[in-house]
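Step one of this worksheet: look at the structure below.
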Amino acid sequence: MTYITKPKLHHPGLATNKLGFTHRDYEGRISTLCAGCGHDSISAAVIQACFELDIEPHRVAKLSGIGCSSKTPDYFLGQSHGFNAVHGRMPSVLTGANLANRELIYLGVSGDGDSASIGLGQFAHCLRRGVNMVYVCENNGVYGLTKGQFSATADKGSKAKSGAINADSPIDLVSLAIMLGATFVARGFSGDRKQLVPLIKAAISHQGSAVLDIISPCVTFNNHAGSTKSFDFVRAHNEAVNRLDYVPAEKEITVDYKEGSTEIVRQHDGSVLKLAKLRSDYDPSSRVAALAHLQGRQEAGEIATGLLFLDPEPEDLHGHLNTIDAPLNRLGQDELCPGTDALEAVNAEYR
Amino acid sequence: MQPISATNDFVVKFANVNGSGSASANELFARAVLRMGVPVASRNIFPSNIQGLPTWYEVRVSGEGWLGRRGGVDLMVAMNPQTWDKDVASIDPGGYLLYDSTKPLPAAKPRKDVTLLPVPLTEMCNRAYSDPRKRQLFKNVTYIGALAFLLGIEASAVQWLIAEKFEGKETLIAPNLQAFNLGYDYAREHLKNSCLLKLARTDKVGNRIFIGGNEAAALGCVWGGAAVCAWYPITPSTSVAEYFTKHCERYRVDPVSKKNRYAVVQAEDEIAAIGMVLGANWNGARAFTATSGPGISLMQEFFGFAYYAEVPAVVFDIQRGGPSTGMPTRTQQSDLLLAAYAGHGDTKHVMLFPEDPREAFEFAAAAFDLAERLQTPIFVMSDLDIAMNDWLCKPFVWEKDRKLDRGKVMTAEDLEAGKTFGRYLDVDGDAIPYRTLPGTHPRLGAYFTRGSSHDSQARYTEEGNLYVAGMQRLLKKFETAKSLVPQPIERSAKEKAKHGVIYYGSTSGAMNEALDALERQGFRLDALRVRAFPFPENVVDFINAHESVFLVEQNRDAQLQKLLVNECAIDPARFISILHYDGTPITARFITGAIADRLKLAKAKEAAE
C-alpha cells in the first residue's frame, strides 16, 4: 500500500530519546518490499537501535548496492544522505566516503546476492583494511529482485522455488569476515528482534569493521520446504552462542547473570557488551575457535547466531593511514594548497 | 662519406640493458647539456619487464628548442650486445658509434659510413673497481665521461650535477666522479678530434624546468587540493600515485599533530579505486585516480553512474598502446572514444588534453575545479610520452590570489534560510544543480545518490517526461562545459592559409617543428591545438574557414576526427587524417613528410586542371 503516504503527525505520548526525537524521526519512506519480507524487520531493528542509541539521524551515511536489501536504506533514517551504488560495489564507495569524513556513522547495507558473488572482492578488501563501518548483509540465499535465482550463500542441496537443487558449495560470509580481520562479526535473524537490536547497537558503537550477517527469509522466493533460509528452517536450526545486552557508556552495569556464564566486554567508546553465554565453551575472542565452531555447526546443518567474534580494541583504516582527527572534507585551501612560494621552490629544484 | 658535423643539433641514443643502472647515468648527460643552456628533448624507450631486456634513451639536442622527436640517430652509444645489429643499422650515414672496445668487434668494420669511437669500458672499470656491482654500474658513468669530452661538455657542469644528485649520500660522489674522469681522460688521450658533434653554451633554456609528466600531474593534484587518491598499479600511471604520496609527505603533514591531511589507498582493483574516488568526492573531499586504458575499461560502469548521478571525479588516463594489454610501455592516443562515451546508455564526458608536463600540472589542478563545478568526472588524457619522459617546459605557476572553486554546495545556513533545494534542480539556468554534503543539516537537504532514473528532487521516477528532462539538462550541462574547459590555441601562418591542421596532446612538440619545416618548404598551414572536449565553437569555425583540415593523431582510427564528426556534425571529407601509432612518439619528419606529400599532390592536381 505504498501509494499511501505516512501521516506527518504522531501520538503525543510517543516516547522520546535523549535528543527529543521519537521513533518516527528515525523512519524513512514506506517499504515497497513484499509483505512479510525479512528485510523490513531488519529495517525496523535498525530504526529501534538508532533511536535507543540517541544517534542524530543526519550523522549517518547509508550506502548500499543493488538488490532488495539495497533498497532498504530508503525505508529508514529519512534525514540521512543515501548512496545506492552499482551491484557489488558499495564497500569501495563507503571506504571513500569514510576517508572524506571519519566523523559520520557508516551503514553499508547489502545482501547475499550483492556481497557474495560480484561483491565478494570488495567485501573482503574493506574488511582487510579495517574500514570503520557496519556491514549489514541481509541474507536470504536468493536473488530476490531478479526473481529467485540461487545466490552464493545458498546451501548445497537446498531447493529453489522452481524445484532446482543447488549443487554448489555455499559461501559463509561470517567465516570469511573472521578470517579477513573484521573485528566484530555477528549473525542474526530477522525473525528475532530481541537478539538483533543489541547486535546492531553494539556494531554501530564498534570502532572498526563490524559485520552483521542477518538471515532474512525471502517470503516470495525462498520460504518453502527445501530452503535452508526459510522462517521455519531457521527457527528450527538456530543455535545462538550467546545473548548480548548492550549498555551505553553512561549507564551503570548490573550483573544479574550466573557468575562465570556472563562475559563483560568494554568497547573503546566506553559502551559495555554483556555477553550471556548460551554455550559455555564458546569464546568470541578467538578467531580460530570461532571458525572451528562455525564449520562444525555448518556441517551439522545448524546456524550459529549471536556475537561470534569481537576484538574490543580494533584498529581502523584512518589509524593505519595516520590521518588528521578532523574530517578531510573540512580542510580549507590553506591546508590543502602549498601556495605560490612553495611552487617556486619546486621549480628551482627542477632546473 | 663525410662525418656529420653539427653544433647543438644532433641526436644521441643510448642502447642499454634495463636494470643495469644506465638510466641514472644517461639522465646525468641530459641534465649536463641543459646546464649549458642548450635545450634537450629526452625519451625513454623501455620494455615491459623489470630486468634484462633492451632499453633505449634518446637525447635530442636542439639549440633551436625543438622538443619533439626528430627521427634518426647521429651518435649511438651501443651497450647492449642483444640489439647491436639493429642499433648499428639505425645510425644516420656519417654518424658515430661509441662502444665498449674491451672485446673486439664481431665484424671488421660494422659500417663504412660510421665513425667508430671505441672505449675499453669493461677493462677500465675492472681495473678501477673490484665489486662486481660497481664494475657494472660505473661503466655507464665512464661512457658519460667519454661523451662529455667528445661533445665538449664542460666537465665542471657534470661534476656539479653529480654533487647535487648525491647530496646526502656523499660517499657516492667520489666513485662517480672517478668513473666520470676515467672516461673523460681516456677520450682526451685517445679520441681527440674524432667527433664533429659539438655543444656550445647558449641561453636558450632560460628559466625552464626539466620534469616528467606524472610527477607534474601529481604536483597539480597537491596544489589542486586533492585529499584522497585511490589507485591500482598499472604501467604507465603508477608513478602518479607514488609522486602524489611523496609530495604529500612534504606538504600535507599537519605541523602540530604530525598527522596526514591526505589519504592514499592502493585499491584491490580499478573498480574499487574509482568507487573510492566517487565516495570521497560525494562526501566533499577532492579525490582522484590514475590509470591507463585497461583501467578505464574496467571503470566504465562507475563512469556512467557518476555521469548520471552527477558525482565529481578526476581520472588520469595515461594512455598506452592498445587494444587490450597492447604495448604497456609504448605511447598512443587511443582512448579518446572510450573516455568520451564511457558507460552504457547516452553518456558524454569532459576530457582535457595536456601537451607536456607543464599542462599536466595546470590541467590536473583545473580538473578538480571543473569536476566540482560541473559535478561530473573529468578525464585528463595524458600519455606515456608525457608521463614517463622528462620534458623541458615552462615553470609551474600558481597565482597568489587563486582560489579553489568548490562548486555549488548548499550549506546548513542556506537550507535554514529557506533556499530551495532539489539535488537535480536547475536553479541558475546553467543546468548545474546544487548538492549538499552528508551530515549537513538535521532535517533538510538529505537525498539519495543513485544510478536509477530520478526527478529534480532525486526521487526515483519512471515517468518518461521527467527522465527526458533530466537527460536534456545533462546535455545542456555539457554545453556549459564548453566555456569552462581549456580553450584551443590557434597559430596562424604568416599569411592566411588555405589549409589547416588540428592536433592535440604530446603531438605538439613534433608539430611545432613540422610547421616550421613546412613553412620553409613553401607550405603554409594555420594550426589549431585542441585542448579539451567538448569542443568550443571556435574549433568548428576554424574547420569551416579552411578548404581542408589535416588531423594529426597517434591512433589508428582517427578518434578525435570521429569525435568532431559526431559532435559538431562535420562532413568527414573535410578532414585528412595523418596517423602515427606504432607506439613510438610521433616525429617532426613524419608529420612534415606526410603533409608535404599530400599538399604536393594537391598542387599537382590543381596545376593539371
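Chains as they are written, first to last, in numbering that gives the first Met the number 0: chain F, 0 to 350; chain V, 0 to 608. Even for Gly, the Cβ is constructed at its ideal location relative to N, Cα and C.
Partners in chain A for residue i, counting only beta-carbon separations shorter than 9 Å
i, result
"phenylalanine 522 of chain V", "Going by chain labels, chain A is absent from the structure shown, which instead holds the protein chains F and V."
Rounded distance between the beta-carbons of residue j and residue i, thought under 8 Å
i, j, result
"lysine 276 of chain F", "asparagine 241 of chain F", "5 Å"
"asparagine 79 of chain V", "proline 53 of chain V", "5 Å"
"isoleucine 152 of chain V", "phenylalanine 179 of chain V", "10 Å between Cβ atoms; not a contact."
"alanine 224 of chain F", "leucine 211 of chain F", "Actually they do not touch by this definition, with Cβ atoms about 27 Å apart."
"serine 42 of chain F", "phenylalanine 75 of chain F", "5 Å"
"serine 91 of chain F", "glycine 278 of chain V", "7 Å"
"arginine 28 of chain F", "aspartate 73 of chain F", "5 Å"
"valine 11 of chain V", "valine 87 of chain V", "15 Å between Cβ atoms; not a contact."
Below-8 Å beta-carbon distance, residue i vs any chain F residue
i, result
"leucine 146 of chain V", "no"
"phenylalanine 301 of chain V", "yes"
"phenylalanine 304 of chain V", "yes"
"lysine 258 of chain V", "yes"
"tryptophan 397 of chain V", "yes"
"glycine 224 of chain V", "yes"
"tyrosine 250 of chain V", "yes"
"leucine 465 of chain V", "no"
"phenylalanine 209 of chain V", "yes"
"alanine 284 of chain V", "yes"
"valine 408 of chain V", "no"
"alanine 22 of chain V", "no"
"leucine 74 of chain V", "no"
"alanine 279 of chain V", "yes"
"alanine 229 of chain V", "yes"
"valine 221 of chain V", "yes"
Residue-chain proximity (residue i, chain V), Cβ-Cβ < 8 Å
i, result
"alanine 60 of chain F", "yes"
"valine 92 of chain F", "yes"
"glycine 81 of chain F", "yes"
"arginine 192 of chain F", "no"
Alpha-carbon to alpha-carbon, residue j and residue i
i, j, result
"asparagine 321 of chain F", "alanine 430 of chain V", "39 Å"
"threonine 6 of chain V", "glutamine 331 of chain V", "32 Å"
"isoleucine 3 of chain V", "glycine 71 of chain V", "12 Å"
"alanine 40 of chain V", "leucine 196 of chain V", "17 Å"
"glutamine 486 of chain V", "arginine 207 of chain V", "23 Å"
"leucine 115 of chain V", "tyrosine 503 of chain V", "40 Å"
"histidine 10 of chain F", "threonine 460 of chain V", "32 Å"
"leucine 97 of chain V", "leucine 517 of chain V", "34 Å"
"serine 246 of chain V", "leucine 98 of chain F", "A small fix is needed here, since residue 246 of chain V is histidine in this sequence, not serine. Each residue's alpha carbon lies about 19 Å from the other."
"glutamine 81 of chain V", "phenylalanine 13 of chain V", "14 Å"
"proline 40 of chain F", "phenylalanine 232 of chain F", "This sequence places serine at residue 40 of chain F; proline is not what is there. Distance between the alpha carbons of serine 40 of chain F and phenylalanine 232 of chain F is about 18 Å."
"isoleucine 270 of chain V", "glycine 342 of chain V", "13 Å"
"arginine 69 of chain V", "arginine 59 of chain V", "7 Å"
"phenylalanine 302 of chain V", "valine 379 of chain V", "14 Å"
"arginine 405 of chain V", "arginine 372 of chain V", "7 Å"
"alanine 607 of chain V", "arginine 519 of chain V", "24 Å"
"leucine 598 of chain V", "alanine 240 of chain V", "45 Å"
When the options are compared against residue i, the one with the closest alpha-carbon
i, options, result
"glycine 190 of chain F", "F:Gln294, F:Ala235, F:Lys61 and F:Asn100", "F:Ala235"
"glutamine 266 of chain F", "F:Pro326, F:Gly207 and F:Leu316", "F:Gly207"
"alanine 248 of chain F", "F:Leu272, F:Ala202, F:Pro337 and F:Ile65", "F:Leu272"
"asparagine 328 of chain F", "V:Asp316, V:Ala286 and V:Pro293", "V:Ala286"
"valine 141 of chain F", "F:Phe220, F:His86, F:Ala341 and F:Thr304", "F:Phe220"
"glutamine 148 of chain F", "F:Lys193, F:Pro72 and F:Gly162", "F:Gly162"
"alanine 147 of chain V", "V:Asp596, V:Ala215, V:Met35 and V:Asp556", "V:Met35"
Check: residue i C-beta below 7 Å from any heavy atom of the ligand FMN
i, result
"serine 491 of chain V", "Ligands in the displayed structure: none, and consequently the ligand FMN is not present."
**Study point:** Contact list for the stretch 140-157 of chain F against chain V, Cβ threshold 8 Å
**Key:** So the list is empty, because no residue satisfies the distance condition.
Review point. When Cβ atoms are compared, which residues of the stretch 436-453 of chain V fall closer than 9 Å to chain F?
Key: Listed by position, the residues of the stretch 436-453 of chain V near chain F (Cβ gap below 9 Å) are Leu436, Pro437, Gly438, Thr439, His440, Pro441, Arg442, Leu443, Gly444, Ala445, Tyr446, Phe447, Thr448, Arg449, Gly450 and Ser451.
Practice item. Name, going along the chain, the residues of the stretch 581-604 of chain V whose beta-carbon falls closer than 8 Å to a beta-carbon of chain F. Key: Hits within the stretch: zero.
Review point. Using a Cβ cut-off of 9 Å, which residues of the stretch 253-277 of chain V contact any Cβ in chain F, in chain order?
Key: Hits within the stretch, in order: Asp253, Ser256, Lys257, Lys258, Asn259, Arg260, Tyr261, Ala262, Val263, Val264, Ala266, Glu267, Asp268, Ile270, Ala271, Ala272, Ile273, Gly274, Met275, Val276 and Leu277.
Review point. At a Cβ cut of 8 Å, what residues of the stretch 378-398 of chain V count as close to chain F, listed as they run along the chain?
Key: Cβ contacts with chain F: Pro394, Phe395, Val396, Trp397 and Glu398.
Practice item. Name, going along the chain, the residues of the stretch 108-138 of chain F whose beta-carbon falls closer than 9 Å to a beta-carbon of chain V. Key: So the close ones are Gly120, Gln121, Ala123, His124, Cys125, Arg127 and Arg128.
Exercise for review: Could you please tell me which residues of the stretch 33-51 of chain F, in chain order, have their CB closer than 7 Å to any CB of chain V?
Suggested key: Per Cβ criterion, the list is empty.
Exercise for review: Select from the stretch 210-227 of chain F all residues with a C-beta closer than 9 Å to any C-beta belonging to chain V, and list them in chain order.
Suggested key: Within the stretch 210-227 of chain F, no residue qualifies.
Practice item. Name, going along the chain, the residues of the stretch 401-428 of chain V whose beta-carbon falls closer than 7 Å to a beta-carbon of chain F. Key: Here the close residues are Lys402 and Leu403.
Exercise for review: Compile a chain-ordered list of the residues in the stretch 102-123 of chain V whose CB is closer than 8 Å to at least one CB of chain F.
Suggested key: Per Cβ criterion, the list is empty.
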